[in-house]
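Chains A and B, in that order, are what the protein sequence lines are. Number 75 in UniProt numbering belongs to position 75 of the first sequence; there are no gaps in the numbering. Number 179 in UniProt numbering belongs to position 179 of the second sequence; there are no gaps in the numbering. By construction, the Cβ of each residue, glycine as well, lies at the ideal position given by its N, Cα and C atoms. Please read the structure below before turning to the comments.
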Amino acid sequence: MARYLLKRIFYMILTLLIVATVTFFLMKMMPGSPYANEEKMTAQQIRIMNEQYGLNKPIWVQYLIYIAGVFHGDFGVSFQYSNQPVSTLIGSRLGASVQLGLQALILGVILGVIIGAIAAMKQGTWVDSTATVISIIGKSVPNFVLAVLLQYYIGLKLGWFPIAGWGSFSQTILPTLALCVGPLAETARFIRTSMVDTLSSDYIELGRAKGLSRTEVIRKHALRNSMIPLVTLIGPYAVALMTGSMVIENIFNIPGIGEQFVKSILTNDYPTIMGVTMVYSIGLVIILLITDIVYSLIDPRIRLAGSED
Amino acid sequence: MEDNAKIDPSLFQMVEEDESRDREKISGPSLSFGQSVWLRFKKRKAAVISAIIIILMIVVAFGSTPIINNSTLVKSHPQYANLPAKIPGMDAINGLNGKLKQDGKWVDVYKQNNVPSNKYFWAGTDYLGRSLGQRIIYGTKISLIVALVAAFFDLTIGVVYGIVSGWKGGMVDNVMQRIIEIISSVPNLVIVVLMLVVLKPGITSIILAIAVSSWTTMARQVRAEVLSLKNEEYVLASRALGESPFKIAWKHLIPNLSSIIIIQTMYTIPTAIFFEAFLSFIGIGISAPETSLGVLLNEGQKNFQFLPYQMWYPAIVLCILMIAFNLLGDGLRDAFDPRGER
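Shown next as structure tokens:
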């Protein structure tokens, strides 16, 4: 276990190093200068600015400075946001994104488990078909389309929840709904398949033969065992939520890192783009590692030390 | 010995035909793999309907090429700006008869703007007076092109990578898997966005960006399958006979991988369509005056409060496209892999 962990952490650092390197050089290849949307500046001013941001040094020096900084959690200084350090910028916005992501994840998984379990129990009936339709639609309708519709019909027309902004809990409801549909659909499908499998296994039959009630068998045996493989979906969920946050935060005007990412792309703010990319990658790599560990703890049949094949 | 050869034929007796012999007869024609897949696929009505919808969309989108092209689409007609849908013979249905709800009342916008009464826009017009219907068809074509090219890269890079990695094994496999691990520990979207930032925004860049990031799942699945296939006896026999690895891959591995490949491709396609719409929607993909479903959604969203049809129509087309590909993918998976059928 310890050896495996060390190996994994080594690969994690290697991965992040490569990601940092690739993004750094990609940003250097980027067309347009960070000053493009400033007013006209004199050559003198540009020279001073270049010096201030270290852009006049040879590229490999800039690279080493950047990598050294990343290991200290220093992603440089934003070009656009009045010289704020990128780490402060991201730090101040991380909370909103994480809160939104967690709320959507929890709501989506709970609803998904309920829908999937009911579908499996009523297999082959109209309930099952309805659940299938819900999960297909949830998987197919892009969340940004849904977000706009929710914002207009529920937020503006019905006036149930605030249409945008961030701060109070009621403002989080619409974006959470829009974002949770992806995990919901995925979970419902997954739980249904997994539960149909479990329901036909011997120990369920034994439970029924022992005289346990149907609900008790499902609650105590079927559902619990069907939910174990759900852990493997945490990685894909994280990716979907990160992707979703970029557009949902934009639509609902939420000060999170997704919104920041889009903004910094549109303004050629290299240090912020690189910083957010690193934060996304670090988050995903850590989540994937935790997933593996948690999975091996829940299900002892899966041994970490063995090769993954 | 010789005496034994003279046996009276009358001693023999015909065995009576009974049920037990009938039971062993094979009734029905023996089906090839393709035929049984087709039989199972036909039973899935949703998948068949989806396939028909997709074919129709492909025919309409690509068949429109001579009529609807970029140069006709960028021309603006300010006198026709923001007209709602008007379809001949639909005079009774509000929303399809050129009327628009303004302050709670249905107003004939065509009359208001003095549009000639024989002018019909089946899906209305946008803020520059361009036909929304034409733009949606063109946008669908872009989405389909993105989807098909992404599928192509999945098939080439993904499959070849997977086969090489699984077949070679050892150090090569190890390195190739680490590379995949690194690529997939960055969210695809971030890779796509970074590529778009570097390349000039446009359809070529979007396709390239999606291609770079979409093949890893395919490569992983193909590799896993090749790992088990390469120990099969027929592959071993082929190797023993001195067949070249290319020929083994082509003749033995790919046919056995075909179901995995087809299913995975069907899942890549909706993802690619989503990415294109997503990127264009947030403004870093295809941008005006070019047209795609994402661009239309982006423009429609701005006026959604007053001209809801400008977002609804492209949204509906996009959703139908996504649902159809997802259902087709599910249907094909069940057809190729009956074990999953329940």
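Query raised in the report: Are the CB atoms of B:Met322 and B:Pro255 nearer to each other than 9 Å?
Result: Taking a C-beta distance under 9 Å as the contact criterion, B:Met322 and B:Pro255 do not qualify as a contact pair.
Query raised in the report: Can you tell which of B:Lys43, B:Val190, B:Val175 has the C-alpha that lies nearest to the C-alpha of B:Leu328?
Result: Among B:Lys43, B:Val190, B:Val175, the Cα nearest to that of B:Leu328 is on B:Lys43.
Report task. Check the Cβ of A:Asn250 against every Cβ in chain B and list those closer than 7 Å, keeping chain order. Result -> Correct list: Ile282.
Query - Within-9 Å CB hit, A:Val121 to chain B - result: In the sequence under discussion, the amino acid at residue 121 of chain A is Met, which differs from the Val named in the question. Among the CB atoms of chain B, none fall inside 9 Å of the CB of A:Met121.
Requested in this report: Under 6 Å Cβ to Cβ from B:Arg342, same chain only, skipping five residues before and after it: list those, please.
Outcome: Here the model assigns B:Arg342 a pLDDT of 41, short of 50, so the residue's position is not dependable and the matter cannot be decided.
Query raised in the report: Name the chain A residues that come within less than 7 Å of B:Pro201, Cβ to Cβ?
Result: Below the 7 Å Cβ cutoff, chain A contributes no neighbours of B:Pro201, its closest Cβ being approximately 10 Å away.
Query raised in the report: Does DSSP put A:Leu77 in a helix, in a strand, or in coil?
Result: At residue 77 of chain A the sequence reads Val, which differs from the Leu that was named. Note: A:Val77 maps to strand in three-state DSSP.
Query raised in the report: Sorted by chain position, which residues of the same chain lie with C-beta nearer than 7 Å to B:Ile210's C-beta, five sequence neighbours on each side aside?
Result: Val146, Ala150, Val192, Ala272, Phe275.
Query raised in the report: Using the rule of at least 16 other Cβ atoms within 10 Å of the residue's Cβ for burial, across every protein chain shown, is A:Glu259 buried or exposed?
Result: A:Glu259 is buried by the Cβ-count criterion.
Query - Proximity test, Cβ basis, 9 Å: B:Ala147 and chain A - result: Between B:Ala147 and chain A, the shortest Cβ-Cβ separation is not below 9 Å.
Requested in this report: Can you tell me which of the three DSSP states A:Thr267 falls into?
Outcome: If DSSP states are grouped into helix, strand and coil, A:Thr267 belongs with coil.
Query - Residue span of the alpha helix (DSSP H) that contains B:Phe41, given as start and end - result: Run containing B:Phe41: 33-43, per the alpha helix (DSSP H) assignment.
Query raised in the report: Can you find a heavy atom of the ligand NAD that lies under 8 Å from the Cβ of B:Ile254?
Result: Although the ligand NAD was asked about, the structure shown includes no ligands whatsoever.
Requested in this report: With B:Glu125 as the anchor, note down where its alpha helix (DSSP H) starts and where it stops.
Outcome: The sequence shown places Thr at residue 125 of chain B, rather than the Glu named in the question. That residue, B:Thr125, is in no alpha helix (DSSP H); it is neither H nor E in DSSP.
Query - Residue range of the unbroken alpha helix (DSSP H) whose run includes A:Trp160 - result: Premise fails: A:Trp160 is in no alpha helix (DSSP H) and is neither H nor E.
Requested in this report: Determine the direct distance from the alpha carbon of B:Gly162 to that of B:Ser32, and round the result to whole angstroms.
Outcome: If I take the Cα positions, the gap works out to 27 Å.
Query raised in the report: Does B:Gln301 come within less than 9 Å of chain A when only Cβ atoms are used?
Result: It does: the Cβ of B:Gln301 has a partner Cβ on chain A nearer than 9 Å.
Requested in this report: May I have the straight-line CA-CA distance separating residue 321 of chain A from B:Ser205, to the nearest angstrom?
Outcome: Because chain A in this structure spans residues 1 to 309, residue 321 of chain A falls outside the shown range and cannot be described.
Report task. My understanding is that A:Ser245 touches A:Ser97, with C-beta atoms under 8 Å, so please give their C-beta distance in whole angstroms. Result -> The distance from the Cβ of A:Ser245 to that of A:Ser97 is about 5 Å, consistent with a contact at the 8 Å cut-off.
Query raised in the report: Got a sec: is the Cβ-Cβ distance from A:Val141 to anything in chain B below 9 Å?
Result: Yes, its Cβ sits closer than 9 Å to a Cβ of chain B.
Query raised in the report: For the alpha helix (DSSP H) that contains A:Arg3, what are its first and last residues?
Result: Looking at the DSSP string, the run of the alpha helix (DSSP H) that includes A:Arg3 is 2-29.
Query raised in the report: Can we say the segment 95-110 of chain A touches the segment 177-189 of chain A, given the rule of at least three CB pairs closer than 8 Å?
Result: As far as the Cβ criterion goes, the segment 95-110 of chain A touches the segment 177-189 of chain A, which means the pair count is three or higher.
Query - Residue environment, B:Trp167, which counts as buried when at least 16 other CB atoms sit within 10 Å - result: Around the beta carbon of B:Trp167, a 10 Å sphere encloses 16 or more other beta carbons of the protein chains shown; the residue is thus reported as buried.
Query raised in the report: Can you name the residues that DSSP bridges to B:Asp108?
Result: DSSP links B:Asp108 through a beta bridge to B:Lys99.
Query raised in the report: Do the CB positions of A:Thr187 and A:Gly108 come within less than 9 Å of each other?
Result: A contact, by the Cβ cut-off of 9 Å.
Query - Proximity of B:Ser185 and A:Val145 at Cβ, strictly below 9 Å - result: Contact: no.
**Report entry** Rounded separation between A:Asn143 and A:Ile248 - CA only
**Finding:** A direct Cα-to-Cα measurement between A:Asn143 and A:Ile248 gives close to 8 Å.
Query raised in the report: Comparing the C-beta of B:Asp337 with each C-beta of chain A, is any distance below 9 Å?
Result: Judged by the 9 Å Cβ criterion, B:Asp337 is not in contact with chain A.
Query raised in the report: Between A:Thr172 and the rest of its own chain, which residues show a CB-CB distance below 8 Å, the 5 nearest in sequence each way excluded?
Result: Same-chain partners within the cutoff: Gln99, Leu100, Gln103, Trp166.
Report task. Could you please give the first and the last residue of the uninterrupted alpha helix (DSSP H) stretch that includes B:Lys141? Result -> Looking at the DSSP string, the run of the alpha helix (DSSP H) that includes B:Lys141 is 132-153.
Query raised in the report: If you check the beta carbons only, do B:Arg220 and B:Ile263 fall under 9 Å apart?
Result: Against a cut-off of 9 Å, the Cβ pair of B:Ile263 and B:Arg220 comes out as no contact.
Query raised in the report: Is DSSP giving A:Pro255 helix, strand or coil here?
Result: In this structure, A:Pro255 counts as coil in the three-state DSSP scheme.
Query raised in the report: Where does A:Pro85 fall in DSSP's three states?
Result: DSSP, reduced to helix, strand and coil, places A:Pro85 within a strand of the structure shown.
**Report entry** Stretch pair the segment 203-217 of chain A + the segment 150-170 of chain A: three plus CB contacts closer than 8 Å
**Finding:** Not touching, per the Cβ criterion.
Query raised in the report: Can you list, in chain order, the residues of its chain whose CB lies under 7 Å from that of B:Ser292, leaving out five sequence neighbours each side?
Result: Apart from the 5 residues on each side of it in sequence, B:Ser292 sits with its Cβ closer than 7 Å to the Cβ of Gly139, Ile142, Ser143, Glu276, Ser280, Ile286 in its chain, given in chain order.
Query raised in the report: From A:Leu5 to B:Val164, what does the alpha carbon distance come to, in whole angstroms?
Result: Approximately 28 Å, taken between the alpha carbons.
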